[in-house]
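Before any comments, here is the structure.
There are 2 protein chains.
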Amino acid sequence: MTRVLVVDDEPQIVRALVTNLRVRGYEVASASTGEEAVERVARGRPDVVIVDLGLPGIDGVEVIEAVRGWSSVPIIVLSVRDAERDKVRALDAGADDYVTKPFGIEELLARVRAAARRVAPAAEAAAVVAADFVVDLAARHVRNASGEVRLTPTEWHVLETLARHHDKLVTQRQLLQQVWGPAYETETNYLRVYMAQLRRKLEPDPSRPRSLITEPGIGYRLRTREGGQPTSGGPPA
Amino acid sequence: MTRVLVVDDEPQIVRALVTNLRVRGYEVASASTGEEAVERVARGRPDVVIVDLGLPGIDGVEVIEAVRGWSSVPIIVLSVRDAERDKVRALDAGADDYVTKPFGIEELLARVRAAARRVAPAAEAAAVVAADFVVDLAARHVRNASGEVRLTPTEWHVLETLARHHDKLVTQRQLLQQVWGPAYETETNYLRVYMAQLRRKLEPDPSRPRSLITEPGIGYRLRTREGGQPTSGGPPA
DNA sequence: CGGGCGCGCCAAGATCCCGTCAAGGCGGTC
DNA sequence: GACCGCCTTGACGGGATCTTGGCGCGCCCG
Numbered sequence: 013m014t015r016v017l018v019v020d021d022e023p024q025i026v027r028a029l030v031t032n033l034r035v036r037g038y039e040v041a042s043a044s045t046g047e048e049a050v051e052r053v054a055r056g057r058p059d060v061v062i063v064d065l066g067l068p069g070i071d072g073v074e075v076i077e078a079v080r081g082w083s084s085v086p087i088i089v090l091s092v093r094d095a096e097r098d099k100v101r102a103l104d105a106g107a108d109d110y111v112t113k114p115f116g117i118e119e120l121l122a123r124v125r126a127a128a129r130r131v132a133p134a135a136e137a138a139a140v141v142a143a144d145f146v147v148d149l150a151a152r153h154v155r156n157a158s159g160e161v162r163l164t165p166t167e168w169h170v171l172e173t174l175a176r177h178h179d180k181l182v183t184q185r186q187l188l189q190q191v192w193g194p195a196y197e198t199e200t201n202y203l204r205v206y207m208a209q210l211r212r213k214l215e216p217d218p219s220r221p222r223s224l225i226t227e228p229g230i231g232y233r234l235r236t237r238e239g240g241q242p243t244s245g246g247p248p249a
Numbered sequence: 013m014t015r016v017l018v019v020d021d022e023p024q025i026v027r028a029l030v031t032n033l034r035v036r037g038y039e040v041a042s043a044s045t046g047e048e049a050v051e052r053v054a055r056g057r058p059d060v061v062i063v064d065l066g067l068p069g070i071d072g073v074e075v076i077e078a079v080r081g082w083s084s085v086p087i088i089v090l091s092v093r094d095a096e097r098d099k100v101r102a103l104d105a106g107a108d109d110y111v112t113k114p115f116g117i118e119e120l121l122a123r124v125r126a127a128a129r130r131v132a133p134a135a136e137a138a139a140v141v142a143a144d145f146v147v148d149l150a151a152r153h154v155r156n157a158s159g160e161v162r163l164t165p166t167e168w169h170v171l172e173t174l175a176r177h178h179d180k181l182v183t184q185r186q187l188l189q190q191v192w193g194p195a196y197e198t199e200t201n202y203l204r205v206y207m208a209q210l211r212r213k214l215e216p217d218p219s220r221p222r223s224l225i226t227e228p229g230i231g232y233r234l235r236t237r238e239g240g241q242p243t244s245g246g247p248p249a
């Protein structure tokens, strides 16, 4: 969830923004002074900061400069001042955007989305951990105890499909459709060949698979280390 | 040097912007139609794009959508339209900023600086260290044991793309889109030629590459010295 | 208890993909 | 105007990969 920090000294502005953002599914915090704002950015690590220029105590521009000393969080400035000089000052201090009051709430929300979008890509780090190997979906590779395992395109595609639904049952039809296309729904032969291949490369004992599980008559399942099984206990004999 | 692409169909606007930007030390290119704009983004690799909404032929928003399909270059929209709906549309299509005409040139320049600043950190983040050479993304050059290696523009562009996703697999499509543009998605010939060229210049034994790895049927990967250990970044605590 | 079905396994042929080389065209520079 | 470097394009082995068929075994069902 995207976290937004709203900084303004006028309570009704803060209230309006916080309400609108919360309705849109953002997680919102607020601050009413510059000092508090800097503190909250440090503590809360928001994904986007909305800051008013006319703050009591330390000025909005000083807040921007302070934050920019150690963070690159996107900052959107709100201000009643429309003078070009003010905009240039704020932007050059490190702000990402400058919106003049009065503003439309939809416009501001769109600018928040634009700012949040820029930081989004860093968030995703997907790795599926099985008993004897790790599937890194982002880097598109698999590692086991002896290092990186080389997979062919089709092998990877099958494993990737299982990994994206880890611990869930994936039917043969799903797999065949995903990897070979809708025309191959019935070619269960392919699955047998490639599951065997994957087990040979990834399972310590391919004849007794621990992670690449067959669900007879239905499909296959990739069991993760924590995911699949009930918490405590005895391994099934 | 920061490279800016200006897209507008009114010659006097283009001229004014180009002049102002050049005086400030930017390297500026321009386009007057949407098609030309997309082409120039693909070829010229600008650091910032300034685009007018009211273009003949394909619309400004469509240009944004097309570019966003394969590039994350900052886009600043210019428009005479001040309606909130237009702003939201452009921003949600992928624009980073929206400036209403008439605008102050100083404000626009400040917004260009703000946009350019955001891409800078990624570039200065640095140097990708492979087994036998070092790719310095900021300085735009490559060094191996015998010193600096001369690369042609296209060679560099390919290597740069791999380096920006080091240890991750980059698909053939991604590479072709980044380097040659969206229209060249299927020209895998180019990749073979240029990967061979890069290996000849950078690998100690080009026939047995250690860093520029082929993933058959999928794409290529630049392997760094440490390997793919997740070095996920976070700001200092 | 017997039969059928589904799964694991193996091997061989056909196909696709990659690396390599070389020549032609284009634009920029001297 | 000539030269040079770079990009584009085509063709050609060699090797990895996909496809395909067949066989035996165990489990479920009749």
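Heads up: the sequence lines are chains A and B, in that order. The opening position of the first sequence corresponds to residue 13 in the working numbering, with each subsequent residue numbered one higher. The opening position of the second sequence corresponds to residue 13 in the working numbering, with each subsequent residue numbered one higher. All C-beta atoms, glycine included, are put in the ideal place defined by N, C-alpha and C. A quick note: this is a predicted structure, and the numbers were derived from the prediction, not measured.
The region 140-153 of chain A: positions lying closer than 8 angstroms to chain B by Cβ: Contacts with chain B (Cβ-Cβ distance below 8 angstroms) from the region 140-153 of chain A involve D148, A150, A151, R152 and H153, listed in chain order.
B/V100: contacting residues in chain A (beta-carbon distance under 7 angstroms): E118, E119 and A122, listed in chain order.
4 or more residues per run - each alpha helix (DSSP H) lying fully within the region 179-241 of chain B: The qualifying runs are 184-192 and 200-214.
Beta bridge counterpart(s) of B/G66 as assigned by DSSP: In the DSSP output, where bridge partners are listed per residue, B/G66 has none listed.
Classification of B/R123 by the beta-carbon crowding that lies within 10 angstroms, buried from 16 upward: The residue in question, B/R123, is buried, as its Cβ has 16 or more Cβ neighbours within 10 Å.
Distance between beta carbons of B/R130 and A/R130, contact taken as under 8 angstroms: That belief holds up - the Cβ atoms of A/R130 and B/R130 are roughly 7 angstroms apart, short of 8 angstroms.
Nearest to B/T226 (by Cα), restricted to the options A/G56, A/E227, A/T200 and A/H153: Out of A/G56, A/E227, A/T200 and A/H153, the CA that lies nearest to the CA of B/T226 is found in A/H153.
Chain A contact for B/L103 (CB, 8 angstroms cutoff): It does: the Cβ of B/L103 has a partner Cβ on chain A nearer than 8 angstroms.
C-alpha distance - A/G37 paired with B/E47, whole-angstrom precision: Each residue's alpha carbon lies about 37 angstroms from the other.
Chain A contact residues for B/P228, given Cβ-Cβ distances below 8 angstroms: Those are T164 and P165, listed as they occur along chain A.
Contacting residues, own chain, Cβ-Cβ under 6 angstroms from A/A155 (five flanking each side not counted): According to the sequence displayed, residue 155 of chain A carries Arg and not Ala. Counting only Cβ-Cβ distances below 6 angstroms, and skipping sequence neighbours, we find V146.
Residue from B/I88, B/A105 and B/D98 with nearest C-alpha to B/G81: Comparing Cα-Cα distances from B/G81 to each of B/I88, B/A105 and B/D98, the minimum goes to B/A105.
Complete runs of the beta strand (DSSP E) confined to the region 15-83 of chain B [at least 3 residues]: Scanning the region 15-83 of chain B from its first residue to its last, the whole beta strand (DSSP E) runs of 3-plus residues come out as 15-19, 39-43 and 60-64.
Cutoff 8 angstroms: B/V30 Cβ touching any chain A Cβ: No, no contact with chain A.
Contact belief for A/L67 with A/V75 at Cβ below 8 angstroms, rounded distance in angstroms: With a Cβ gap of about 7 angstroms, A/L67 and A/V75 count as contacting.
Chain B contact residues for A/E96, given Cβ-Cβ distances below 7 angstroms: Within chain B, the residues near A/E96 are G116, E118 and E119.
Validate contact between the region 195-211 of chain A and the region 16-33 of chain B using beta carbons, cut 8 angstroms, 3 pairs: Short answer: they don't touch.
Proximity of B/D59 and B/S91 at Cβ, strictly below 8 angstroms: No.
Neighbour flag for B/L65 against chain A, beta carbons, 8 angstroms: B/L65 does not count as touching chain A.
Cβ neighbour criterion (16 or more within 10 Å) applied to A/E14: The residue asked about is misnamed: residue 14 of chain A is Thr in this sequence, not Glu. Residue environment analysis places A/T14 among the buried positions, since at least 16 neighbouring C-beta atoms fall within 10 angstroms of its C-beta.
Straight-line gap, B/T166 to B/Q186 (C-alpha atoms, nearest Å): About 15 angstroms.
Cross-chain neighbours of B/R125 in chain A, by beta carbon under 8 angstroms: Those are L103 and D104, listed as they occur along chain A.
Interface residues of chain A facing B/K113 [CB-CB closer than 8 angstroms]: Close to B/K113, with beta-carbon spacing below 8 angstroms, lies no residue of chain A; the smallest spacing is near 14 angstroms.
8 angstroms Cβ cutoff met for A/G174 and A/Y232: The question names Gly, but residue 174 of chain A is Leu in the sequence shown. Result yes, Cβ atoms of A/L174 and A/Y232 sit closer than 8 angstroms.
Amino acids of chain B, ordered along the chain, whose beta-carbon sits closer than 9 angstroms to that of A/R130: Simply S84, P86, D108 and R130.
Limits of the alpha helix (DSSP H) - the one that B/L171 falls within: Per DSSP, the unbroken alpha helix (DSSP H) holding B/L171 starts and ends at P165 to R176.
Local Cβ density within 10 Å of B/S11, reported as buried at 16 or more and exposed below that: Nothing in the structure corresponds to residue 11 of chain B, since chain B is present only between 13 and 249.
Under 8 angstroms by beta carbon: chain A residues contacting B/L33: Ordered by position in chain A, no residue passes the 8 angstroms Cβ test against B/L33, which lies about 15 angstroms from the chain.
Members of the region 168-198 of chain B near chain A, C-beta cut-off 8 angstroms: Taking 8 angstroms as the cut-off between beta carbons, the residues of the region 168-198 of chain B near chain A are D179, K180 and L181, in sequence order.
Contact under 8 angstroms by Cβ, B/V252 with B/H169: The first residue shown for chain B is 13 and the last is 249, placing residue 252 of chain B beyond what the model contains.
Given B/I62 as reference, the closest of B/A143, B/D144, B/E22 and B/V18 once Cα atoms are compared: Nearest of B/A143, B/D144, B/E22 and B/V18 to B/I62, Cα basis: B/V18.
Collapsed DSSP secondary structure at B/L90 in the structure displayed: Judged by DSSP in its simplified three-state form, B/L90 adopts strand.
Inter-residue Cα distance where the pair is A/V111 and B/L171: Cα to Cα, the separation comes out at about 39 angstroms.
Host beta strand (DSSP E) of B/R155 (start-end): B/R155 -> beta strand (DSSP E) spans H153 to N156.
Per-residue DSSP class, three states only, for B/A138: Three-state DSSP puts B/A138 in coil, outside helix and strand.
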